[in-house]
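*Asks:* First the structure, which I've put down as structure tokens, then a few questions once you've had a look.
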Amino acid sequence: MQVKIATWNVNSLKVRLPQVLDWLAANAPDVLCLQETKLTDDNFPAADIEAVGYRVVFAGEKTYNGVAVIARHPLADIVTDPPGLDDGQRRVLAVTSGHLRILNLYVVNGQEVGSDKYAWKLEWLSRISRYIKSQLKEHDHLVVLGDFNIAPDDRDVHDPEAWHERILCSTPERQALGALLDLGLVDTFRLFEQEEKSFSWWDYRAAAFRRNLGLRIDLILASRSLAAGCTSCRIDKKPRRLERPSDHAPVIAEFAV
DNA sequence: ATGGTGGCGCGGCCA
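For the record, in the first sequence the residue sitting at position 32 is 1409 according to our numbering, with numbers rising by one throughout.
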């Protein structure tokens, strides 16, 4: 059986709901994980999503952060506050859907290398890695996906010199991501031949999208046994071309399970 | 070094 799973930082689900509904209809994923919904749970548009044949779980807060998982099939074993994370924010949503354990993440941005938020990002990554390690022990078929706010290497950066040791690209951030991969995860995007300068995020400023000045920071990581059955991973730039787009594009992977 | 844009929410923070 083929499973299609996607991740998309929507930068406000209130604004992007019509685009999300259109995207679901056009792409028919089994699972779509969202980040930066920026909605409290009482304002979440669950009925609109259920009306198009999906189920949804969500963990939100006012103004910032917020994650959701939209899926064809029932969602079980929902975790929003992994043991030891204790971040007081809504950045994590773990669910089980069919054969897959899914961990949807909105990783701390970090603002600037050396800042307090940067130190917190590294601490947050260290904490979530403990949860991922325990999830890998429990689940053969684990997907860890979302907005990692880290470009894994220089291929994922439009101008590696300009971004050298800057936020989203610094060595400690990349090492933290590397430590996650070393637990037994694979960056599925790199299992396949990809166009050079493939990115998933472009700053709203300076016409960055038109000039393809982007980074690849939205990732779909899979446990090794699941990655062995990965048949594709690609970035869908179409929604980034729409009026009033998110600054991120969706990433989609397919797995034989 | 700064500013460029967008979302939230109505001033400033965050990305």
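We put the CB at the ideal spot given by N, CA and C, even for glycine.
Can you tell me which of the three DSSP states residue 1483 falls into?
*Replies:* Along the first sequence, read from residue 1 onward, the residue named residue 1483 stands at position 106. Strand, per DSSP.
*Asks:* At the level of alpha carbons, what is the spacing between residue 1553 and residue 1500?
*Replies:* Position 176 of the first sequence, counted from the start, is the residue given in the question as residue 1553. Position 123 of the first sequence, counted from the start, is the residue given in the question as residue 1500. In a straight line, the C-alpha of residue 1553 is about 10 Å away from that of residue 1500.
*Asks:* Could you spell out where the beta strand (DSSP E) holding residue 1548 opens and where it closes?
*Replies:* For the purposes of this step, residue 1548 is identified with residue 171 of the first sequence, where counting begins at 1. Segment 1548 to 1559 is the alpha helix (DSSP H) holding residue 1548; no beta strand (DSSP E) there.
*Asks:* For residue 1587, name the three-state secondary structure that DSSP assigns.
*Replies:* Within the first sequence, the letter at position 210 stands for residue 1587. Note: residue 1587 maps to coil in three-state DSSP.
*Asks:* Given that a residue counts as buried once 16 or more other Cβ atoms are within 10 Å of its Cβ, and exposed if not, what is residue 1625?
*Replies:* Along the first sequence, read from residue 1 onward, the residue named residue 1625 stands at position 248. It is buried - the Cβ of residue 1625 has at least 16 other Cβ atoms within 10 Å.
*Asks:* What residue range does the beta strand (DSSP E) around residue 1601 cover?
*Replies:* In the first sequence, residue 1601 corresponds to position 224, counting from 1. Here residue 1601 belongs to no beta strand (DSSP E); instead the alpha helix (DSSP H) covers 1601 to 1604.
*Asks:* Are residue 1595 and residue 1578 close, meaning C-beta to C-beta below 8 Å?
*Replies:* The count along the first sequence starts at 1 and reaches residue 1595 at position 218. The count along the first sequence starts at 1 and reaches residue 1578 at position 201. For residue 1595 and residue 1578, yes; Cβs fall inside 8 Å.
*Asks:* Just to confirm the assignment, what range does the alpha helix (DSSP H) spanning residue 1501 have?
*Replies:* For this step, residue 1501 is matched to residue 124 along the first sequence. In this chain, the alpha helix (DSSP H) harbouring residue 1501 covers 1493 to 1515.
*Asks:* Between residue 1513 and residue 1561, how many whole angstroms is the CB-CB distance? I'm expecting something under 8 Å.
*Replies:* As a working mapping, residue 1513 is identified with position 136 in the first sequence. As a working mapping, residue 1561 is identified with position 184 in the first sequence. That belief holds up - the Cβ atoms of residue 1513 and residue 1561 are roughly 5 Å apart, short of 8 Å.
*Asks:* Under the three-state reduction of DSSP, which class applies to residue 1567: helix, strand or coil?
*Replies:* The count along the first sequence starts at 1 and reaches residue 1567 at position 190. Looking at residue 1567 - three-state DSSP - the assignment turns out to be helix.
*Asks:* So for residue 1426, helix, strand or coil by DSSP?
*Replies:* Your numbering for residue 1426 matches position 49 in the first sequence. Three-state DSSP puts residue 1426 in a helix.
*Asks:* What's the gap between the Cα of residue 1421 and the Cα of residue 1435?
*Replies:* Residue numbering aside, residue 1421 sits at position 44 when the first sequence is read from its first letter. Residue numbering aside, residue 1435 sits at position 58 when the first sequence is read from its first letter. So the two alpha carbons sit approximately 8 Å from each other.
*Asks:* For the alpha helix (DSSP H) that residue 1593 lies in, which residues bound it at each end?
*Replies:* Sequence index remark: in the first sequence, residue 1593 carries index 216 (1-based). Careful: residue 1593 lies outside any alpha helix (DSSP H) and carries neither H nor E.
*Asks:* So the alpha helix (DSSP H) residue 1379 belongs to, where does it begin and stop?
*Replies:* By one-based count along the first sequence, residue 1379 stands at place 2. That residue, residue 1379, is in no alpha helix (DSSP H); its beta strand (DSSP E) goes 1379 to 1386.
*Asks:* For the structure I just gave you, are there three or more beta carbon pairs, one from the stretch 1409 to 1417 and one from the stretch 1470 to 1485, closer than 8 Å?
*Replies:* Short answer: they touch.
*Asks:* Quick check on residue 1407: buried or exposed, where buried means 16 or more other Cβ atoms within 10 Å of its Cβ?
*Replies:* Start at 1 with the first residue of the first sequence, and residue 1407 comes out as number 30. Label assigned to residue 1407: buried.
*Asks:* Would you tell me roughly how many angstroms separate the C-alpha atoms of residue 1531 and residue 1469, rounded to the nearest one?
*Replies:* Position 154 of the first sequence, counting from 1, holds the residue named residue 1531. Position 92 of the first sequence, counting from 1, holds the residue named residue 1469. Whole-angstrom Cα-Cα distance: 27 Å.
*Asks:* Where does residue 1412 sit, in a helix, a strand or coil, going by DSSP?
*Replies:* Locating residue 1412 in the first sequence gives position 35, counting from the first residue. Residue state, collapsed to three classes: strand.
*Asks:* Short of 8 Å in beta carbon distance, which residues of its chain neighbour residue 1497, apart from the five on each side in sequence? Order them along the chain.
*Replies:* Counted from its first residue, the first sequence places residue 1497 at position 120. Cβ neighbours of residue 1497 beyond the five flanking positions: 1485, 1487.
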